[in-house]
Amino acid sequence: MPQFATISDPYLFWTLAVVCGMFVGVAKSGIPGVGILAVPLMALVFPAGLSTGILLPMLVVGDIFAVSYYKRHAVWTYVLRCLPWGAAGIVAGFFILKHCQFSEENLKHIIGSIVLAVLAGGWWVKRKGDGLSIPEKWWFAATLGLIGGFATMAANAAGPVWMVYFIAMSLPKNEFLGTGAWTFLILNTFKLPFSYALGYINADSLRFDAMMIPAIVAGTLLGIFAAKRIPQKAFDLLVKFLAAAAAVNLLLR
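With my numbering as the guide, the letters of the sequence shown map in order to residues 120 to 372.
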């Protein structure tokens with residue numbers, strides 16, 4: 120068990136760690152949004168700041184699987200439109216985290232707040248449904264890009280933010296997943312040196328990430344299986360409830 124874990128019970132630790140790895144795989148294999156649950160769970164088993172660095176390489180591995188599966192479906196116009204603003208948000212988030220010197224407690228609160236905010240935003244968009252008018256102007260992509268870049272740098276929680284943008288573009292399912300897969304892979308890879316510079320990635324964390332690859336692969340296969348058999352509405356409600364519960368737990372710690 121890693122020395123930097125915050126849970127002393129090895130059985131509980133490895134159970135939560137494997138579950139987090141599987142959620143990453145499930146999220147990347149066709150059920151977007153599931154990955155948001157891994158964010159607060161990872162912050163429960165590791166120090167808050169370090170948890171984002173540990174989760175990041177796992178996300179990159181999942182992104183590689185997603186790109187391999189959906190690479191032909193990406194709409195590069197939307198990928199390229201997102202990248203500059205997302206990168207700018209990542210850089211801004213890096214400097215804020217580096218110079219503000221957040222305590223462990225504050226980082227847990229930031230992660231919990233971001234998770235709850237993106238869940239609320241996703242609920243609002245879904246509630247509005249077809250009646251929601253979302254602009255396609257450059258400033259809309261810029262706004263969501265900056266917010267998503269900061270959210271992913273601070274908490275690896277940009278998934279729902281990017282989903283709002285891709286929903287606005289009315290992309291079919293495969294194009295939605297392919298465009299998102301390339302966007303996440305490029306931005307998560309871009310984020311790696313910044314996370315390393317913050318001290319969130321080190322040799323020990325990378326060894327743990329390597330151990331999680333089988334769980335990510337299992338999650339990818341499970342996601343492909345579950346997407347065809349589990350009612351999407353019930354599954355989404357369960358994931359959002361668990362993510363919200365974990366986020367609230369972080370806020371109260």
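We put the CB at the ideal spot given by N, CA and C, even for glycine. All of these numbers come straight from a predicted model, not from anything done at the bench.
Do you know whose CA, among Ala124, Ile215, Asn275, Pro166, lies nearest Ile233's CA?
The residue labelled residue 233 in the question sits at position 114 within the sequence shown. Checking every option, the nearest Cα to that of Ile233 belongs to Asn275.
Can we say the stretch 328-337 touches the stretch 211-227, given the rule of at least three CB pairs closer than 8 Å?
Result no; under three Cβ-Cβ pairs closer than 8 Å.
By Cβ distance below 7 Å, which residues in the same chain neighbour Trp301 in space, the five residues on each side in sequence not counted?
Residue 301 sits at position 182 when you count from the first residue of the sequence shown. So the qualifying residues of the chain are Val186, Ala193, Val198.
Is it right to say Ala364 is buried, meaning 16 or more other beta carbons lie within 10 angstroms of its own, or is it exposed?
In the sequence shown, residue 364 corresponds to position 245, counting from 1. Classification for Ala364: exposed.
Classify Gly318 as helix, strand or coil using the three-state DSSP reduction.
Here residue 318 refers to the residue found at position 199 of the sequence shown. If DSSP states are grouped into helix, strand and coil, Gly318 belongs with coil.
What does the alpha-carbon distance come out to for the pair Asp328 and Ser289?
Indexing the sequence shown from 1 puts residue 328 at position 209. Indexing the sequence shown from 1 puts residue 289 at position 170. Asp328 and Ser289: Cα-Cα distance of roughly 35 Å.
When the Cα atoms are used, what is the spatial distance from Leu311 to Asn321?
Here residue 311 corresponds to residue number 192 of the sequence shown, with the count starting at 1. Here residue 321 corresponds to residue number 202 of the sequence shown, with the count starting at 1. Going by the C-alpha atoms only, they are around 11 Å apart.
Taking the C-alpha atoms as reference points, what is the distance between Ala277 and Ile150?
Locating residue 277 in the sequence shown gives position 158, counting from the first residue. Locating residue 150 in the sequence shown gives position 31, counting from the first residue. So the two alpha carbons sit approximately 15 Å from each other.
Whose C-alpha, out of Gly154, Thr125, Gln122, is nearest the C-alpha of Cys139?
Counting from one through the sequence shown, the residue named residue 139 turns up at place 20. Among Gly154, Thr125, Gln122, the Cα nearest to that of Cys139 belongs to Gly154.
What residues in its chain sit with their C-beta under 7 Å from that of Ile266, if we drop five residues either side in the sequence?
Residue 266 sits at position 147 when you count from the first residue of the sequence shown. The residues are Gly208, Val280.
Which whole-angstrom value describes the C-beta separation of Ala157 and Ile229, a residue pair presumed to lie in contact below a C-beta threshold of 8 Å?
Position 38 of the sequence shown holds residue 157. Position 110 of the sequence shown holds residue 229. That belief does not hold up - the Cβ atoms of Ala157 and Ile229 are roughly 17 Å apart, past 8 Å.
Could you please give the first and the last residue of the uninterrupted alpha helix (DSSP H) stretch that includes Ala277?
Along the sequence shown, one-based indexing puts residue 277 at 158. Run containing Ala277: none; DSSP gives neither H nor E here.
How is Ile343 classed by DSSP in three states: helix, strand or coil?
Residue 343 sits at position 224 when you count from the first residue of the sequence shown. Three-state DSSP puts Ile343 in a helix.
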